[in-house]
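A short worksheet on the structure shown next.
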Amino acid sequence: MKKNRENVIDRKQAEKIRDFLKNAEQPDIDEKRKQQTLMLLRMERKRLHLRSKKPYGQRVMEQAAYLSPVVWLIQGALILFMGYEFLVREKEEILINLLFCAPIIGIAGFTEIMRSYRQNMWELEQACRYNLRQLMGMRLLIFGITDSLVTCSVAVMGIGAGIHAWELLFFFFIPQILSDCVYLHLMARFRRRFQGTALISAAVLMTLLWMVLLQDVLCNPEVIKRLADPCASAIILPVSIGLLAMCCMRFLKGTETEYCEA
Amino acid sequence: MELRLDRLTKQYKQKLAVDRIDLELKCGVYGLLGANGAGKTTLMRMICDIQEPTSGEIFCNGQNIREMGEEYRDLLGYLPQNFGYYPEFTAWKFLLYIASLKGLGREQAAVRALYLLDMVGLADQKKRKIKTFSGGMKQRLGIAQAMLNEPEILILDEPTAGLDPKERVRFRNLISSFSKDKIVLLSTHIVSDVEYIADEILVMKDGRLIHRGAPEVVTKEAKGLVWECKVDSEDVDYYVERYNVGNLKNIGEQTVLRIISDACPCEGAVEADPTLEDLYLYYFSEEESGR
Amino acid sequence: MIKRIKQGETEALDVLIEGHYDGIYRFCYYKLGDREAAYDCAQETFLNLLRYLDTYVEQKKFKAYLYRIAGNVCMDWFRKNSVQFAGEELLETITKEDTELKRVELSDEVYRALQILSPAQRDVIILHFLYDFKLREIAQITNVPMSTAKSWLKQGMDKLKNRMHAGGRH
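Chains as they are written, first to last, in this note's numbering: chain A, 200 to 461; chain B, 64 to 354; chain C, 5 to 174.
Here it is in structure tokens:
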């Protein structure tokens with residue numbers, strides 16, 4: 200009962216208070232201040248957008264989605280080819296095939312990396328927030344990861360087929376790494392002119408070079424003994440990787456400097 | 064928004080492409096007029112931080128753009144003269160790709176891409192591959208990508224190349240509506256593209272800014288230099304060889320010539336009101352004719 | 005609305021201002037009693053909305069969320085300007101002397117009446133009677149349990165009733 204009476208009072212009281220309050224003079228709004236607020240909001244939104252950086256991983260994933268699927272097919276085909284070779288070939292033939300494949304692994308990736316120049320997109324990409332250098336860096340990272348996966352797969356299959364670690368190193372890893380260094384150097388030097396057939400030609404030359412350099416190894420026990428020594432691997436592998444890193448940095452740094460023809 | 068170019072210079076081995084340009088740009092539309100080789104593209108590339116100047120600096124709101132880096136590029140929209148694309152990309156995929164490079168989120172990119180495709184009249188072509196596009200369609204797509212990040216500074220290098228008259232009118236309206244509180248710099252050979260929408264004309268020759276001002280002010284420079292005269296059709300070649308003829312129109316057996324000349328070219332010639340096109344021909348007739 | 009702003013729609017901010025600026029400004033004015041302060045706080049409200057967009061949880065009603073921000077901005081203003089809420093006694097002092105609280109404009113009976121309320125009571129009264137927010141929404145805006153909001157409303161109503169009677173209104 201008391202509660203109901205309170206409610207009744209409240210409602211009447213509420214009505215009176217509402218009427219009383221609605222008597223308040225509604226203040227006029229200065230349109231200029233309103234527009235000023237809107238302008239400030241727009242500027243703030245821009246500023247916030249500037250500050251909000253997409254996480255690097257997210258950017259890399261987004262870029263990967265735009266890469267040609269042909270590259271993945273080629274790399275998959277390489278793994279399958281090597282897997283088949285490990286199953287059916289003799290050791291000497293396997294080593295020759297490893298030498299053959301080593302310079303080829305990087306080609307598909309580098310061709311894709313350089314397509315900004317091939318398709319004349321470099322100018323547009325250079326003027327974007329995440330510019331050409333960052334874009335190239337992301338592509339190098341993506342193909343670095345995928346090439347590493349291919350390499351690891353081949354290594355695992357090789358060891359399973361009885362290939363020694365040092366043989367994998369000198370007949371596969373090192374030729375692959377040094378071939379990539381050569382491609383990066385040529386790409387940094389020649390930019391737009393170095394792609395497509397030039398890249399394939401370089402790969403063929405590298406393959407022949409490795410074949411020539413290492414063919415004696417297979418017949419020379421003294422050299423085999425030296426290469427099999429863990430010290431050799433401990434020195435040559437980090438040096439090769441360091442060289443590759445340097446070539447990548449040089450290539451990326453080169454995207455900052457202008458190379459537009461007059 | 065303010066862009067200031069301070070003694071900007073670009074020297075190539077054989078050529079001085081941009082020669083000590085001092086320029087201040089505030090909000091509005093700027094039409095950059097100049098013949099091929101005048102240095103327009105080089106200037107625009109330097110403004111977009113694609114090319115490093117040999118000397119001089121560019122400041123955006125008082126800050127050096129080289130120091131600003133990513134922050135500056137986020138304010139930019141750029142359409143290059145030779146517009147490349149990935150042929151297998153559809154228009155939609157292309158815009159999303161550029162949007163990702165411009166730092167837009169996926170949802171935001173989709174909203175902007177749809178809006179811009181509609182604005183440039185390519186909404187129903189979005190699923191088509193760019194390699195199937197006509198020149199005009201590619202150009203419209205290029206304009207759309209330049210505006211993805213709502214840039215404060217829009218740099219367009221020959222944006223109307225390949226557009227038909229209807230598309231050019233659409234483009235002009237688009238730029239006019241866009242430029243309210245932004246800097247728009249567009250270079251062109253087609254004088255009519257800038258004559259009606261530019262707040263200021265910048266005339267560039269041999270790497271230097273030889274003239275700047277509102278279109279009507281700049282056009283006045285050609286006052287007293289433009290003549291119209293009626294000649295016999297058989298005499299037309301004579302006049303074309305000797306004088307800078309801007310236009311000729313056959314009327315029966317006679318031809319009306321519009322001649323740009325310091326002195327009266329012939330008896331009966333009447334002084335005509337100059338247009339911006341006349342001024343362009345006055346400055347660049349040699350380059351255009353390849354003499 | 006929030007989604008559209010997050011997606012970067014150009015027009016979303018215009019729609020936001022057109023739809024809510026007036027209400028937020030008036031809310032700040034009722035709370036603070038000062039035009040300039042109300043403009044500043046209204047501006048700050050929208051800027052804060054944008055800054056903390058990511059923390060907005062979609063289930064909450066947008067309008068309530070916006071007014072909550074406005075309430076916090078006004079509280080910050082009070083703190084910065086060291087303004088205590090004007091109780092009845094203080095109100096008498098002001099009308100007589102008009103000293104350190106010169107900025108508080110007391111141009112209208114209604115505003116005088118609102119000044120006798122505590123900030124919390126004032127918020128609830130304004131939101132309920134002038135903006136027709138329900139108690140649940142008011143509780144969200146003021147970040148208190150519904151029972152607390154209800155008791156503030158009751159207390160505020162009682163004070164106003166007395167004030168109105170004292171002023172000869174009924």
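Each residue gets a CB set at the ideal place from its N, CA and C atoms; glycine is no exception.
| request: Count the other C-beta atoms from every protein chain shown that fall within 10 angstroms of the C-beta of residue 338 (chain B), then say buried if there are 16 or more, exposed otherwise. | output: Against the second sequence, residue 338 (chain B) aligns to sequence position 275. That one is buried.
| Going along the segment 329 to 349 of chain A in order, which residues come within less than 8 Å of chain D, judged by CB to CB distance? | Note that chain D does not occur in the displayed structure, where the protein chains are A, B and C.
| task | Measure from the C-beta of residue 387 (chain A) to each C-beta in chain B and report whether the shortest distance is under 8 Å. | result | Taking the first sequence and counting its residues from 1, one reaches residue 387 (chain A) at position 188. Not flagged as an interface residue toward chain B: residue 387 (chain A), since no C-beta distance is shorter than 8 Å.
| field | Rounded separation between residue 99 (chain B) and residue 347 (chain B) - CA only | value | In the second sequence, counting from the first residue as 1, residue 99 (chain B) sits at position 36. In the second sequence, counting from the first residue as 1, residue 347 (chain B) sits at position 284. Across the structure, residue 99 (chain B) and residue 347 (chain B) are spaced so that their CA atoms are roughly 9 Å apart.
| said: Rounded to the nearest angstrom, what separates residue 412 (chain A) and residue 208 (chain B) at their Cα positions? | reply: As a position in the first sequence, residue 412 (chain A) is number 213, starting the count at 1. As a position in the second sequence, residue 208 (chain B) is number 145, starting the count at 1. Approximately 51 Å, taken between the alpha carbons.
| message | When you compare the CB of residue 114 (chain C) with every CB in chain A, is at least one pair closer than 8 Å? | response | On the third sequence, position 110 is the one that residue 114 (chain C) refers to. Yes - at least one Cβ of chain A is within 8 Å of the one on residue 114 (chain C).
| query | Roughly how many angstroms lie between the CA atoms of residue 290 (chain B) and residue 310 (chain B), to the nearest whole one? | reply | Here residue 290 (chain B) corresponds to residue number 227 of the second sequence, with the count starting at 1. Here residue 310 (chain B) corresponds to residue number 247 of the second sequence, with the count starting at 1. Spanning the two alpha carbons is a distance of roughly 11 Å.
| message | Considering Cα atoms alone, identify which of B:142, B:143, B:110 is closest to residue 127 (chain B). | response | Taking the second sequence and counting its residues from 1, the one referred to as residue 127 (chain B) is at position 64. That would be B:110, whose Cα lies nearest to the Cα of residue 127 (chain B).
| message | Output needed for residue 300 (chain B): all residues of its chain with C-beta closer than 6 Å, excluding positions within five of it in sequence on either side, in chain order. | response | Along the second sequence, one-based indexing puts residue 300 (chain B) at 237. Nothing meets the Cβ criterion.
| Three-state secondary structure assigned by DSSP to residue 380 (chain A) | On the first sequence, position 181 is the one that residue 380 (chain A) refers to. Helix at residue 380 (chain A).
| Three-state class that DSSP yields for residue 45 (chain C) in the structure shown | Mapped onto the third sequence, residue 45 (chain C) falls at position 41. Residue 45 (chain C): helix per DSSP, three-state reduction.
| request: Quickly, what does DSSP pair residue 310 (chain B) with across the bridge? List them, please. | output: For this step, residue 310 (chain B) is matched to residue 247 along the second sequence. Answer by DSSP bridge pairing, in chain order: B:321.
| Extent of the continuous alpha helix (DSSP H) to which residue 228 (chain A) belongs | Translated into positions along the first sequence, residue 228 (chain A) becomes position 29. In the DSSP assignment, residue 228 (chain A) falls outside any alpha helix (DSSP H), carrying neither H nor E.
| query | Do the CB positions of residue 246 (chain B) and residue 88 (chain B) come within less than 8 Å of each other? | reply | Residue mapping note: residue 246 (chain B) aligns to position 183 of the second sequence, counting from 1. Residue mapping note: residue 88 (chain B) aligns to position 25 of the second sequence, counting from 1. Contact flag set, yes.
| request: Could you name the residues of chain A that residue 240 (chain B) contacts, counting a contact when the two beta carbons are closer than 9 Å? | output: On the second sequence, position 177 is the one that residue 240 (chain B) refers to. Those within 9 Å of residue 240 (chain B) in chain A number zero; the least Cβ separation is about 16 Å.
| Secondary structure of residue 185 (chain B), DSSP reduced to three states | For the purposes of this step, residue 185 (chain B) is identified with residue 122 of the second sequence, where counting begins at 1. Three-state DSSP puts residue 185 (chain B) in coil, outside helix and strand.
| request: Report yes if the C-beta distance between residue 306 (chain B) and residue 294 (chain B) is below 8 Å; otherwise report no. | output: Residue numbering aside, residue 306 (chain B) sits at position 243 when the second sequence is read from its first letter. Residue numbering aside, residue 294 (chain B) sits at position 231 when the second sequence is read from its first letter. No, they are not a contact pair.
| query | residue 143 (chain B) to residue 309 (chain A), Cα distance in whole Å? | reply | One-based indexing of the second sequence puts residue 143 (chain B) at position 80. One-based indexing of the first sequence puts residue 309 (chain A) at position 110. Their backbone Cα atoms lie some 25 Å apart in a straight line.
| Interface positions of the segment 120 to 145 of chain B facing chain A (Cβ-Cβ less than 7 Å), listed along the chain | Within the segment 120 to 145 of chain B, those residues whose Cβ lies closer than 7 Å to any Cβ of chain A are, in chain order, 133, 134, 136, 137, 139, 141, 143, 145.
| request: Could you tell me which chain A residues have their CB closer than 7 Å to the CB of residue 163 (chain B), listed as they occur along the chain? | output: Taking the second sequence and counting its residues from 1, the one referred to as residue 163 (chain B) is at position 100. Per Cβ cutoff of 7 Å: 261.
| request: Mind listing, in chain order, the continuous alpha helix (DSSP H) runs of no fewer than 4 residues lying wholly within the segment 186 to 219 of chain B? | output: 198 to 209
| Strand pairing of residue 263 (chain B), partner residues [DSSP] | The sequence position of residue 263 (chain B) within the second sequence is 200, counting from 1. For residue 263 (chain B), which the question treats as bridged, DSSP gives the partners B:93.
| said: Does residue 132 (chain C) pass the burial test, meaning 16 or more other C-beta atoms within 10 Å, or should it be called exposed? | reply: The residue given as residue 132 (chain C) occupies position 128 in the third sequence. That one is buried.
| request: In the DSSP assignment, find the unbroken beta strand (DSSP E) run with residue 74 (chain B) in it and report its ends. | output: Start at 1 with the first residue of the second sequence, and residue 74 (chain B) comes out as number 11. First-last of the beta strand (DSSP E) with residue 74 (chain B): 66 to 74.
| field | Whole alpha helix (DSSP H) elements within the segment 97 to 167 of chain B, 4-residue minimum | value | 103 to 110, 128 to 131, 133 to 136, 154 to 164
| query | Run through DSSP, which three-state label would residue 289 (chain B) get? | reply | Sequence index remark: in the second sequence, residue 289 (chain B) carries index 226 (1-based). Looking at residue 289 (chain B) - three-state DSSP - the assignment turns out to be strand.
| Closest to residue 138 (chain C) by CA distance: which of C:53, C:74, C:67 is it? | Along the third sequence, one-based indexing puts residue 138 (chain C) at 134. Closest option to residue 138 (chain C), Cα to Cα, is C:67.
| said: Between the alpha carbons of residue 55 (chain C) and residue 248 (chain B), how many angstroms are there, rounded? | reply: Along the third sequence, one-based indexing puts residue 55 (chain C) at 51. Along the second sequence, one-based indexing puts residue 248 (chain B) at 185. Straight-line Cα distance between these residues: approximately 32 Å.
| said: Between which residues of its own chain and residue 296 (chain A) is the CB-CB distance below 6 Å, once the five residues before and five after are set aside? | reply: Residue mapping note: residue 296 (chain A) aligns to position 97 of the first sequence, counting from 1. Hits under 6 Å: 284.
| Selection from B:171, B:150, B:149, B:84 that minimises the alpha carbon distance to residue 7 (chain C) | As a first step, residue 7 (chain C) must be located in the third sequence, where it is residue number 3. Shortest Cα-Cα distance from residue 7 (chain C) to any of B:171, B:150, B:149, B:84 involves B:171.
| Rounded separation between residue 385 (chain A) and residue 312 (chain A) - CA only | Along the first sequence, one-based indexing puts residue 385 (chain A) at 186. Along the first sequence, one-based indexing puts residue 312 (chain A) at 113. Rounded to whole angstroms, residue 385 (chain A) to residue 312 (chain A) spans 13 Å at the Cα level.
| said: Would residue 304 (chain A) and residue 349 (chain A) be called neighbours here (beta carbons separated by less than 8 Å)? | reply: By one-based count along the first sequence, residue 304 (chain A) stands at place 105. By one-based count along the first sequence, residue 349 (chain A) stands at place 150. Closer than 8 Å, so yes.
| query | Cα separation between residue 181 (chain B) and residue 259 (chain B)? | reply | As a first step, residue 181 (chain B) is located in the second sequence; it is residue number 118 there, counting from the start. As a first step, residue 259 (chain B) is located in the second sequence; it is residue number 196 there, counting from the start. One C-alpha to the other measures close to 24 Å.
| query | Quick one: which chain A residues come within Cβ less than 7 Å of residue 26 (chain C)? | reply | Along the third sequence, read from residue 1 onward, the residue named residue 26 (chain C) stands at position 22. The contacting residues are 228.
| message | Between the alpha carbons of residue 264 (chain A) and residue 286 (chain A), how many angstroms are there, rounded? | response | Within the first sequence, numbered from 1, the residue matching residue 264 (chain A) stands at position 65. Within the first sequence, numbered from 1, the residue matching residue 286 (chain A) stands at position 87. Distance between the alpha carbons of residue 264 (chain A) and residue 286 (chain A): 34 Å.
| query | So the beta strand (DSSP E) residue 274 (chain B) belongs to, where does it begin and stop? | reply | The sequence position of residue 274 (chain B) within the second sequence is 211, counting from 1. Residues 271 to 276.
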